[in-house]
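Student: Next up is a structure, given as structure tokens.
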Amino acid sequence: MGNYYNSHSKLMDHQNIKRDDYYKANVTWWENGGYGGTTDDEVMVGDKGGEEDGEEGLAFLDKLLFMDDGMQTRLAVDVGAGFGRVTKLILLKRYQEIRLV
91 MGNYYNSHSK LMDHQNIKRD DYYKANVTWW ENGGYGGTTD DEVMVGDKGG EEDGEEGLAF
151 LDKLLFMDDG MQTRLAVDVG AGFGRVTKLI LLKRYQEIRL V
């Protein structure tokens, strides 16, 4: 599921190759009125597989927490929070308090 990259530079290389396509798709989307859903699921554009992504993200976080048993789980910051999928599916399951930025 999804794309995997061995390094950040590989991800950036892929994004740079596809950059014009991504920008064209974004412009087209907004020119066609954007998207306004009435439910959480409708608002999450392209969210097929969101639950599976959440499970993978939670497993990744659990590995990090296991590696550093002193890591605090009182407060998390979701920087770049959109609709809140990461907070809902991952952070709320492990942290006492989450700040959305």
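Numbering-wise, the sequence shown is residues 91 to 191 according to the numbering used here.
Think of the CB as a built atom: it goes at the ideal place given N, C-alpha and C, for glycine as much as any other residue.
No experiment lies behind these values; they were computed from the predicted model shown.
Helix, strand or coil for Arg189? Go by DSSP, reduced to three states.
Tutor: Strand, per DSSP.
Student: Report back the beta-carbon spacing between Arg184 and Leu165 to the nearest angstrom; my notes put them in contact at under 8 Å.
Tutor: No, Arg184 and Leu165 are not in contact; Cβ-Cβ is about 11 Å, not under 8 Å.
Student: Taking the Cβ atom as the reference point for each residue, do Gly147 and Ile180 lie within a distance shorter than 7 Å?
Tutor: Yes, Cβ-Cβ distance for Gly147 and Ile180 is below 7 Å.
Student: On the three-state DSSP scale, how would you describe Ser159?
Tutor: First, the amino acid is wrong: residue 159 is Asp here, not Ser. Reduced to three states, the DSSP call for Asp159 is coil.
Student: Grab the span of the beta strand (DSSP E) containing Val117 for me, first residue to last.
Tutor: Counting along the chain, Val117 falls outside any beta strand (DSSP E), though it belongs to the alpha helix (DSSP H) covering 98-121.
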